[in-house]
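**Student:** First the structure, then my questions, so here it is.
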Amino acid sequence: NGVIDPDNLDRLIEPPKSPLNPREKKTSDKLIYSTSKLAQIYYTQELADRNPDILVCSVHPGLCYTSLARYVKPKSFIASFFSPLLPFIIRTPEEGARTAIYCTVEDDIKTGAYYGDCQQEDLLPVATDPHTRIQLWNFSVGLLHKLGSTSQ
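Under my numbering, the letters of the sequence shown match residues 1 to 152, in that order.
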């Protein structure tokens, strides 16, 4: 009986200057992807704070081999060479779903927390900044109001 926000933080190898504007510095696919995952974590934490009666957590499924991989183009010879081996190295979708399932059936899940490999994991400080989290929430609410939605 919970809300699951699946994401894959990638541990923010290259943290952005501001998760509200990933274009503040030179952008890359990894930076844009990491920023979107950071935003999901912020939303999860803010939703948990605003709705303490709802269980909501972020889930890192791990690197999974799904049909989405067909859209990923190897950018180097090494990546091209090893890409046929990926189905044997990374998780299946079923294995990737384990942590999400764990978070829905276990009793000791902490709302607003981040989970990977069926356990709570620590986040980098950039992912726990309450000021940026609230700023992103308010920015999103403003966009929703402009689009005609009045829900908060």
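In this text, a Cβ means the ideal position worked out from N, Cα and C, and glycines have one as well. Note that the structure is predicted; figures quoted are calculated from it, not measured.
1. Rounded to whole angstroms, what is the Cα-Cα separation between Lys63 and Asp122?
2. What residue does the alpha helix (DSSP H) around Ser83 start on, and which one ends it?
3. Give me the Cβ distance between Ala48 and Val59, rounded to the nearest whole Å; I'm assuming they're in contact under 8 angstroms.
4. In the DSSP output, which residue or residues are listed as bridge partners for Arg91?
5. Please confirm if the stretch 128–141 is in contact with the stretch 37–48, defined as three or more CB-CB distances below 8 angstroms between the two stretches.
6. So Ile90 packs on Tyr115, CB below 8 angstroms; how close in whole Å?
**Tutor:** This is what the structure gives:
1. Note that residue 63 corresponds to Leu in the displayed sequence, not to Lys. Roughly 18 angstroms between the two C-alpha positions.
2. Note, Ser83: premise wrong, no alpha helix (DSSP H); not H, not E.
3. The C-beta distance from Ala48 to Val59 rounds to 13 angstroms, too long to meet the 8 angstroms contact threshold.
4. Answer by DSSP bridge pairing, in chain order: Cys64.
5. Touching, yes, given that three or more Cβ pairs across the two stretches are closer than 8 angstroms.
6. Contact check for Ile90 and Tyr115: beta-carbon distance about 19 angstroms, past the 8 angstroms limit, so the pair fails to qualify.
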